[in-house]
Every structure is written in structure tokens, then in C-alpha cells.
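Under UniProt numbering, the letters of the sequence shown match residues 1 to 97, in that order. Don't be surprised by glycine CBs; every beta carbon is placed ideally from N, CA and C. Predicted model only: the values in this text are computed from it and were never measured. Here's the structure, in C-alpha cells; my notes come after.
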Amino acid sequence: MATAPTIAPERSDQVIRKTYPNYKVIVLNDDFNTFQHVSECLMKYIPGMSGDRAWDLTNQVHYEGQAIVWVGPQEPAELYHQQLRRAGLTMAPLEAA
């Protein structure tokens, strides 16, 4: 009995690069951190955070309940999240952007 030849699929030399996902660091509103403390923490732990930007984000946290304070690769996102949490801020879990 004759069998059909096996046909291998064509190989592609194309490399498909997938980028790693970015992660969002989100601060949540709470009843015990002051505006001043939240703003100072953002300036201290988030690279390049200006005083004006920190204050805008602090207001967003207060009035909208949360603010995305940084977006980027997982490893630094984990670091900033941990530093802000240890400083007493209420943090949402890290989530992929």
C-alpha cells in the first residue's frame, strides 16, 4: 500500500519579535495619607517626577480615586510599587498596560 509523502511546512526565516508588556503603577486614594506625603513620595521614588506633576497626580488620586503614576517595564515597576507601598501609600496591584 502506497503512503502519501510527508510534506513539511515551509520554514520562514522571519523573526517575529514580541515586546515585553509595560506595567502600570497605580496609587489609590485613602483616608490617612496627606497630599503632602503622597506628593513627596512620588517625587522621591518615581524618576524624573517634578513637583508640579506629583501635585497633579496627587489631586487625581484624591478626586478620582486613583492615578497611574508610572508606566514601563516590569522590573522597575515592581521596584517603584514596592517603594511607594513601603512609604505607606495605598497601591493597586501591578497590572499590564
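Quick check on residue i: buried or exposed, where buried means 16 or more other Cβ atoms within 10 Å of its Cβ?
| i | result |
| --- | --- |
| TYR63 | exposed |
| ASN33 | buried |
| LEU28 | exposed |
| SER50 | exposed |
| ALA4 | exposed |
So for residue i, helix, strand or coil by DSSP?
| i | result |
| --- | --- |
| ALA67 | strand |
| GLY72 | strand |
| GLN6 | The question names Gln, but residue 6 is Thr in the sequence shown. Coil, per DSSP. |
| THR34 | coil |
Using only the alpha-carbon positions, how far apart do residue i and residue j sit?
| i | j | result |
| --- | --- | --- |
| ASN22 | ALA97 | 5 Å |
| LEU94 | ALA67 | 13 Å |
| ALA77 | ILE7 | 47 Å |
Name the one or two DSSP bridge partners that residue i has.
| i | result |
| --- | --- |
| LYS24 | VAL71 and GLU95 |
Check whether the Cβ of residue i lies closer than 9 Å to any Cβ atom in chain C.
| i | result |
| --- | --- |
| ASN59 | The structure shown contains no chain C, having only a single protein chain. |
Would you give the residue range spanned by the alpha helix (DSSP H) that residue i belongs to?
| i | result |
| --- | --- |
| VAL15 | From DSSP, VAL15 is part of no alpha helix (DSSP H); its letter is neither H nor E. |
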